[in-house]
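S.K.: Per my numbering, the very first residue in the sequence shown carries number 4; after that it's consecutive.
Can you keep this structure in mind? I'll have questions shortly.
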Amino acid sequence: MISKKMEKALNDQIAMEGYASFLYLSMATWCDHKGLQGCYEFLRRQAEEEHMHMLKIFEYLSDVDGFPVTPGIKQPPHEFDSVQSLFKSVYEHEQKVTKSINGLVSLANSENDYSTQTFLQWYVEEQREEEALMRTILDRIQLIGDGPQSLYFIDKELEAINKQVAAAEAAGGE
Ligand code: OFO
C-alpha cells in the first residue's frame, strides 16, 4: 500500500519521464533534419530509454496498489539554436530529473516507505550515469570546438558514444 502523497509524486515523475522521452524525440528529429545521423540515433535511443523509465513507474505503482496516471505531455520545443546548445539543454534536463528523483527519495524516507526507497535506487544510479554521460558529451563537443568541420566530428563522436552505450546496455540486459 502506498500513501496518496507518494502516489501523486510518482505520477508527477511519470509525467516528467514522458516529457523527457518526447523532448529527446523532438531533438532527435531536429538532428535528423540537419543530417546529423549519429546525434539522431543517440537521442532516439535516449527517447526510448525515457519511455522505459516511465513504464517502470507504471508497473511499480500498480504493484503497490497505487494508480498510475497516463500523463498529458506538453509540446516540447522543436527548434534548437545549435547542436552545442541542444546537448547543453539535455544535460540541464537530466540535472532537473536528478533533483526530482532526490525529492522522491526524501519523501519515501520521511514516510518510512522502504519499498519505494528500494525501487528508487535504480533511478538514483541511472541519473548518476546519465549525468556523467551528458557531461562527457559536452566536454567532447567543447574539445572539438566550433570550427567549420566541427559538426561532422561531433556527429562521429556521438555515433561512437551511442554504439558504446547500446553495447553496454545489451551486455547489462537492459
Ligand atoms: Fe529518466 O533518465 Fe534521465 O531523464
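The beta carbon of each residue, even a glycine, is placed where N, CA and C say it ideally should be.
Can you tell me whether Val-108 is helix, strand or coil according to DSSP?
M.R.: helix
S.K.: Let's test the definition: count the other Cβ atoms within 10 Å of the Cβ of Gln-78 and tell me whether it reaches 16, buried, or not, exposed.
M.R.: exposed
S.K.: At what residues does the alpha helix (DSSP H) containing Leu-39 begin and finish?
M.R.: First-last for Leu-39: undefined, no H or E at that position.
S.K.: Quick one, what's near the ligand OFO if you take every residue whose CB is closer than 6 angstroms to any heavy atom, in chain order?
M.R.: Glu-20, Ala-23, Glu-53, His-56, Glu-97, Val-100, Glu-129, Gln-130, Glu-133
S.K.: Find out if the Cβ-Cβ distance for the pair Leu-123, Met-9 is shorter than 8 angstroms.
M.R.: Contact flag unset, no.
S.K.: Alpha carbon to alpha carbon, how far is Leu-39 from Gln-16?
M.R.: 30 angstroms
S.K.: Label Ala-50 either buried or exposed according to how many other C-beta atoms from any shown protein chain fall within 10 Å of its C-beta, with 16 as the threshold for buried.
M.R.: buried
S.K.: Give the list of continuous alpha helix (DSSP H) stretches no shorter than 4 residues that lie fully inside the region 91-155.
M.R.: Entirely contained in the region 91-155, the alpha helix (DSSP H) runs reaching 4 residues are, in chain order, 117-147.
S.K.: Nearest-angstrom Cα distance between Gly-180 and Ile-164?
M.R.: Any property of residue 180 remains undetermined from this structure, which presents the chain solely from 4 to 177.
S.K.: How would you label Phe-70, buried or exposed, when you count the other beta carbons within 10 angstroms and need 16 or more for buried?
M.R.: exposed
S.K.: With 16 as the cutoff for other CB atoms within 10 Å, does Gln-167 come out buried or exposed?
M.R.: Label assigned to Gln-167: exposed.
S.K.: If you run the structure through DSSP and keep just helix, strand and coil, what is Glu-51?
M.R.: Correct three-state label for Glu-51: helix.
S.K.: Quick one: what's got a C-beta closer than 7 angstroms to Asp-68's C-beta in the same chain, skipping five residues either side?
M.R.: Sequence-distant partners of Asp-68 (beyond 5 residues in either direction) whose C-beta falls short of 7 angstroms from its own C-beta, in its chain, are Met-4, Ile-5.
S.K.: Within this structure, are the beta carbons of Leu-13 and Ala-31 separated by less than 8 angstroms?
M.R.: No; because the gap between Cβ atoms is not below 8 angstroms, this pair is not in contact.
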